[in-house]
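Report on the structure given below.
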Amino acid sequence: MGNVLFYTHTKEDLKRTVKMVLEELRKTELINETSINPEDDRLTQQEAAKFLGISVTSLISWKKKKIVPYYQIGRAIFFSKKELLDLARKNAFIRRSR
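All residue numbers for the sequence shown refer to the working numbering, where the first residue is 8 and numbers rise by one.
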C-alpha cells in the first residue's frame, strides 16, 4: 500500500496558491485572445452588426459617433471581432443588445 502524506497549510498558503493559479489562467486567456488569426478577426459591417445583435443602421450610427472602433482601407470598412468583444464586455448597453 502506498504512503499517505499529510500537509498542513495556512490560510495564507492557500490564498497564495489560488492567486498563482488565477494569474496563470489570466495569462493563458490573454495568449488565446491575442492569437486570433487576423483574417478570422475581420468583420464586414453586416457581420459586425449581426455579431452585436444590432441593425446595420445602428452600427453606422455608432461608427459616426465613435462608439465602435473600425478600420477603413480605401472604401472598404471593417471591424475587429476582438475589439467588438472587448467593447461589449466593457459596456452594458451593448451586452443587452446582443
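Just so it is clear, CB atoms sit at the ideal spot from N, CA and C, and this is done for glycine as well.
So, are the CB atoms of residue i and residue j less than 7 Å apart?
i, j, result
"Y77", "K70", "yes"
"F155", "R33", "Lying before the first or after the last residue shown, residue 155 is absent from the chain, which here runs from 8 to 105."
"V63", "Q52", "yes"
Please report the residue range of the alpha helix (DSSP H) in which residue i lies.
i, result
"F58", "52-59"
"L94", "88-97"
Evaluate residue i with the Cβ neighbour count: other Cβ atoms within 10 Å of its Cβ, from every protein chain shown; 16 or more gives buried, anything less gives exposed.
i, result
"V75", "buried"
"A55", "buried"
"A95", "buried"
So residue i is in the beta strand (DSSP E); what residue range does that whole segment cover?
i, result
"I67", "I67 -> not in any beta strand (DSSP E); alpha helix (DSSP H) instead, spanning 63-71."
With DSSP as the reference, label residue i as helix, strand or coil.
i, result
"T41", "Low per-residue confidence applies at T41: pLDDT is 48, beneath 50, and the placement is therefore not dependable enough to give any value."
"R82", "coil"
Closer than 8 Å by C-beta to residue i: which residues in its own chain qualify, once you throw out the five before and the five after it? Chain order, please.
i, result
"D47", "K88"
"T15", "none"
Could you name the residues of the same chain whose beta carbon sits closer than 7 Å to that of residue i, not counting the 5 residues immediately before and after it, in chain order?
i, result
"T17", "none"
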